[in-house]
Structures are given as structure tokens and as C-alpha cells.
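Let me begin by presenting the structure, written as C-alpha cells, before commenting on it.
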Amino acid sequence: MSAITFEALGESTLLLRFDQCIDRSINARVHAAAAAIDAARVRGVLELIPAYATLAIRYDPAQWLDHELPDRHPWRGLAAALEAVVERATATTANAPRLIEVPVCYGGAYGEDLAIVAEHTGLSQDDVVALHCAPTYQVAMLGFAPGFAYLLGLDARLQVPRRAQPRVRVPLGSVAIGGAQTGIYPRELPGGWQLLGRTPVALFDARRARPALLAPGDHVRFRAIPAEQFEQPQHPADTLE
Amino acid sequence: MRIGHAGLGIGRSGPMDSPALRLANALVGNAGDCSALELSLSGPLLEFTADHRVAICGAEVDLRLDGDAVPTWCAMDIAAGSTLDTRRFRRGARAILAVAGGLDVAPLLGSPSADVNAGLGPSPLRAGDELCVGPVAHAARSVAGAQRWRIDPAHWFDADDSRPLRLLKATHTDKLDAPSHRALFAEAFRVSTDSNRVGVRLLGPGLRLGVPIELVSEPVAAGTLQLPPGGQPIALTAEHPTTGGYPRIGQIAEVDLARLAQRRPGDQVRFEMITLDAAFALLCRRERELGALLTTIRERTHA
Chain V
1 MSAITFEALG ESTLLLRFDQ CIDRSINARV HAAAAAIDAA RVRGVLELIP AYATLAIRYD
61 PAQWLDHELP DRHPWRGLAA ALEAVVERAT ATTANAPRLI EVPVCYGGAY GEDLAIVAEH
121 TGLSQDDVVA LHCAPTYQVA MLGFAPGFAY LLGLDARLQV PRRAQPRVRV PLGSVAIGGA
181 QTGIYPRELP GGWQLLGRTP VALFDARRAR PALLAPGDHV RFRAIPAEQF EQPQHPADTL
241 E
Chain X
1001 MRIGHAGLGI GRSGPMDSPA LRLANALVGN AGDCSALELS LSGPLLEFTA DHRVAICGAE
1061 VDLRLDGDAV PTWCAMDIAA GSTLDTRRFR RGARAILAVA GGLDVAPLLG SPSADVNAGL
1121 GPSPLRAGDE LCVGPVAHAA RSVAGAQRWR IDPAHWFDAD DSRPLRLLKA THTDKLDAPS
1181 HRALFAEAFR VSTDSNRVGV RLLGPGLRLG VPIELVSEPV AAGTLQLPPG GQPIALTAEH
1241 PTTGGYPRIG QIAEVDLARL AQRRPGDQVR FEMITLDAAF ALLCRREREL GALLTTIRER
1301 THA
């Protein structure tokens, strides 16, 4: 296990680096560290941003002033405190991740690129859907837009290049793949990933108590549904704790 | 500013020029983070349907009240039926218009801030919109002659684009090839017309990394200078996404974000290297001075 390092990203963000690659176990360490820092209520910490192999800590440097050295930026003090918390965290087990099932209507008008992906991979459309529904994915991080979850765990046989010409508008709820990643568009956004299907479930609603359906570290499974079910009134995703 | 939800991909948004917001709010007797209008390059023509106290800070606006020139950086009482014209900016790009009582905007995820890029909060103003104002604290309403004095903007507004912005090293600064590293600190960039509240796009000498690097998405911050493959850097600002996948070739000192906010398309941007300790010392000094000025304003307007 590689040692963690700290980088100051300006005066009020500290970047805790575990590695610089996409790897499920490294990403799990990021989420364990975030949970531990959150639970430890470290002084001055305002927000955490977990990413694939890094964790950003946004904080108020005024709360870490070194009165002996007032002209020195105080990030080292915070880094030492965080390091202690994170080291303890990796030794203990983090909470078991939530498992969320997301219903998806694949292909046709719901996933315009399913045929292209099938052609590119040499698989049938049914096989593409089956391979996309098989794994339990891990929410590596949220970013790009509120509630946009980057999921880890895509079957290597489904790795396809992004579209040469990104779409200006990807429909809300689109489930898409690009490179080694898969994700769901929480609202209408521009995007270059290949669209496999759409979910009727609302990924993001700022007025909900939990605005984002998927949180960093959650586990996710896709379930294929027929078009009739997509058109039924919206229902919440099932949380299989 | 929307703080506390960055892990869900929800950015902070908030003002491009934070001192201007805090000062304009103080002038009208509001708390520093009260919601106000941010005007970009040109503001609206506002018809007042009730009496209000307002103040404009930030960019130099050729402000007209019923056709007569009126000053910025001070509070002014505007009577119902008057029209305030904020359309002509003389220098700078962003102005804050604060109104006593604040704009009555329902908070979303703890903040009234508009984040157009993220689709959160109020939409940009359009002709015909009506703005609601919140209740005014009695103390603020009772002050007379608030406009007899004015803040000297010299300390809080800088549209001189020949003066460099101070840049901290970031993760990939030293991954630039030698000519690019030199160019970043020696040459002038221009603000592109594609700039907005998400980021300021800079046009200039194409910058390249010495060796291309495979990068996975990592968190970014306001002031992060990203380098997309085209070689023209983007300085992230208020509505930036919480993560980015481009190399980070620098980080603009927090104290200079308000100066970046005032650069207009076509203006130049130069960078000067600064250490984290030196940038922090400047920020602390700025906050002390701003705090002292805000206290003075509050004492005078609430006397």
C-alpha cells in the first residue's frame, strides 16, 4: 500500500493523494478516509471531495494559524492531523457500502448507441445489456455536474471509445459508457459517452433531503426494464441495504 | 456560496468578486453574504416600485438615476418610481448591486446563489423580471444621509490589466516543457470571449507538457489553472465543476481572484510566481483590512 501524500491546492484546499490511477481498492481507501475525516470532525474542515485516487479537503486556514509563525501557511498542521485520522481509518473497516439498484430501459430511443456499441464490441445487443447489468459497480466519485456519478467496474469487453462528435444534449437519466467508465446523466447535459439506455429514476433533486441518489462509495447494480415500466410514474430506486 | 455539498458534485458558486459583495452589502446594512445581483459587463435598467437603499461595488459603472450620474461604492436611497440604469460599464467586468434587505431568494442546499452551470438557484435576469426584496432591519432603515461618504475603490477594484496575477505552483506546473514554463510567467495571455462564471479562457502562447500524462479526474478549486489538450489554459472561477481531468499548471492566489473577475474579454493576463506562504500573508492582510473597513461601515451606518 503506497503512502499518502499531501498537496496544497491553493490557500484553502488540501489534496490528499493515494495514487494516480483508476483502481477499485485505491478508490475504496479514498472513501474510507473521507468517512473517517468526516466522523473525526477535524477543526476547520468544510467540505470533502472524494475522487478516483485523491481526496480534496476544503478548509478554513484561519482555524489552523500557527501563532509562532504567523506568516507561514498552516497546511502542515492540518495535514498532520488528517494523516493520523486516515491512518487509523485504513486499519478499521469503513461502513459497508449501500447497494442501490437502478432500473434501465436499454436500447431503441432510450439508448441510441446500443447498436453502435454492439457492433464495435462484436457482441449482440442482448449480450451488451447482460454484461452491463452483471457487475456491482462502485461510485468512484461525483463530479462534472451535481449528482453525476462515475462508476467503476465496467466489464473490459464493454470498453469503447467516446463519440467523435460529443452530443450537445444528452437526455436526462441516460446511462452511458466511455472508456473504462460508466455513468448516469442526472440532467440534460452535453456529453461524449455512448448511450446504452435511460433510467426513469431521478438521480438528482436539490430539494430532496438526499439530493444525489448515488453518493461516493455506494455500490450500484443496473436492472433491465421494458419500455412500459420506464413510462410508468417515477418511483424511487430500491436501496438494497 | 453553497458550502458543504462538494462531494456530491455541487460547487460553491457565489460572487466572482467577493470583497465587492461584502462591501456592497455592508453599505446598505445587510449581512455580508446577503443575496445581491451580480452584473456582468452590462447591468439592467431597474424600475423601482418601492423605496429602497442600494449600493453598487466592483466594476466602474456609469450609473444613472433618472438620467443623472450617481456614484458607486456608496449607499443611496432610491424612491419608488425612479429608474436606475446600470447598463454602461466603464472599466472592469463584474459589479455587485446590493439592496437593503437583500434579494428575497429561497435558499437551495443552504444558499441562494445562482449556479447557472449546475442548474441550481435563480436563473439569470431577463427583461420584465420582477425582483423581490427581503425585510429591512429597522436599524438600517433609520439611517439618514448614508450617501455622504463613499469607499475609496482604489484598494478594492483593480482593472489594470498590465499588473500580473500571482500564481502558485500546482501539481503539474513543473511538468510543462521548458519553453512553456517560461512562457507561462513571461508572456501575456488574453481573456477570450468564451469566458463566463465557470472559467476564464486564456488565449496566448500554446503551452505543452514535457511528457504527456494520463490523468484521472481530480478535485479542482476556484483559481485552478487547467491546461486542456489545445494548450490554451482555463482559469476556473465561481461556477466551476468540483472535479476536472486536465493538468493543473497553476493556482491563482485567492487574493487575486477578484482581480481576475474584473478582466474583460480582450484584456491581458500575466502571471507572476508566488509562494504559498507569501500568498497566504497577502490574503490575511486583505481580510484584516476588509474586516476593519466592514466594521467602520457598520459603525457609521448603524450609529
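Protein chains in written order, with the working numbering: chain V, 1 to 241; chain X, 1001 to 1303. Each residue gets a CB set at the ideal place from its N, CA and C atoms; glycine is no exception. Quantities reported herein were computed from a predicted structural model and do not represent experimental measurements.
- By the Cβ-count criterion, Trp1149/X is exposed, with fewer than 16 other Cβ atoms from all chains shown falling within 10 Å of its own Cβ.
- Annotation: Phe1089/X to His1181/X spans about 35 Å, alpha carbon to alpha carbon.
- At the C-beta level, Gly1102/X and Cys1057/X stay beyond 8 Å of one another.
- Closer than 8 Å to the CB of Leu152/V there is not a single CB belonging to chain X.
- In summary, the residues of the segment 1220-1233 of chain X whose CB is separated from some CB of chain V by less than 9 Å are Val1220, Ala1221, Ala1222, Gly1223 and Thr1224, in the order they occur in the chain.
- By the Cβ-count criterion, Gly191/V is buried, with 16 or more other Cβ atoms from all chains shown falling within 10 Å of its own Cβ.
- Runs of the beta strand (DSSP E) spanning 3 or more residues and lying entirely within the segment 185-222 of chain V occur at 189-191 and 194-198, in chain order.
- Taking a beta-carbon distance threshold of 8 Å, Thr1171/X counts as an interface residue toward chain V.
- At a cut-off of 8 Å, the C-beta of Tyr52/V has a neighbouring C-beta in chain X.
- Leaving aside the five residues that flank Arg1263/X on each side, the residues in its chain whose CB is nearer than 8 Å to its CB run, in chain order, Ala1093, Ala1159, Asp1161, Val1191, Val1200 and Val1269.
- With respect to chain V, the C-beta atom of Pro1124/X has no partner C-beta closer than 8 Å.
- The Cβ neighbour count for Val168/V, taken over all protein chains shown within 10 Å, is under 16; the residue is labelled exposed.
- By the criterion of a C-beta distance shorter than 6 Å, Gly1206/X is surrounded in its chain by Gly1231, once the five residues flanking it on both sides are discounted.
- Just so you know, the alpha carbons of Ala79/V and Ala1079/X end up roughly 54 Å apart.
- Using a CB distance cut-off of 8 Å, Gln165/V does not count as an interface residue toward chain X.
- Sequence-distant Cβ neighbours of Gln20/V in its own chain, meaning closer than 6 Å and more than five residues away, are Ala53.
- Here Thr1193/X carries a coil assignment [DSSP, helix/strand/coil].
- Val1255/X carries a helical assignment under DSSP once its states are collapsed to helix, strand and coil.
- In the DSSP assignment, His132/V falls outside any beta strand (DSSP E) and within the unbroken alpha helix (DSSP H) covering Gln125 to Cys133.
- Taking all protein chains shown into account, Ala3/V has fewer than 16 neighbouring C-beta atoms within 10 Å of its C-beta and is therefore exposed.
- For Phe6/V, the uninterrupted beta strand (DSSP E) run begins and ends at Thr5 to Ala8, by DSSP.
- Proximity of Ala35/V to chain X, defined by a Cβ-Cβ separation below 8 Å, is not satisfied.
- If you check each beta-carbon in the segment 63-76 of chain V against every beta-carbon of chain X, the ones closer than 7 Å belong to Asp71, Arg72 and His73.
- Rounded to the nearest whole angstrom, the C-alpha separation of Phe6/V and Leu82/V is 10 Å.
- A direct Cα-to-Cα measurement between Arg1087/X and Pro1019/X gives close to 22 Å.
- Here the alpha carbon of His1005/X sits roughly 7 Å from the alpha carbon of Glu47/V.
- Ranked by Cα distance from Ala1183/X, the first of Ala1170/X, Arg1208/X and Thr1171/X is Arg1208/X.
- The criterion of a C-beta distance shorter than 8 Å is not satisfied by Thr182/V and Leu203/V.
- For Gln1251/X, the C-beta contacts it makes with chain V under 7 Å involve Leu9 and Gly10, in order along the chain.
- For Glu47/V, a Cβ of chain X is located within less than 8 Å of the residue's own Cβ.
- In the DSSP annotation of this structure, the continuous segment of the beta strand (DSSP E) that includes Ala1095/X starts and ends at Phe1089 to Val1099.
- By the rule that beta-carbons nearer than 8 Å mark a contact, Ala130/V does not touch chain X.
- For Pro216/V, the C-beta contacts it makes with chain X under 9 Å involve Gly1007 and Leu1008, in order along the chain.
- By the Cβ rule, the segment 1252-1263 of chain X does not count as touching the segment 1210-1217 of chain X, because fewer than three pairs are nearer than 8 Å.
- Assignment of Cys1074/X by DSSP, reduced to helix, strand and coil, places it in the coil class.
- In this chain, the alpha helix (DSSP H) harbouring Ile37/V covers Arg24 to Ala40.
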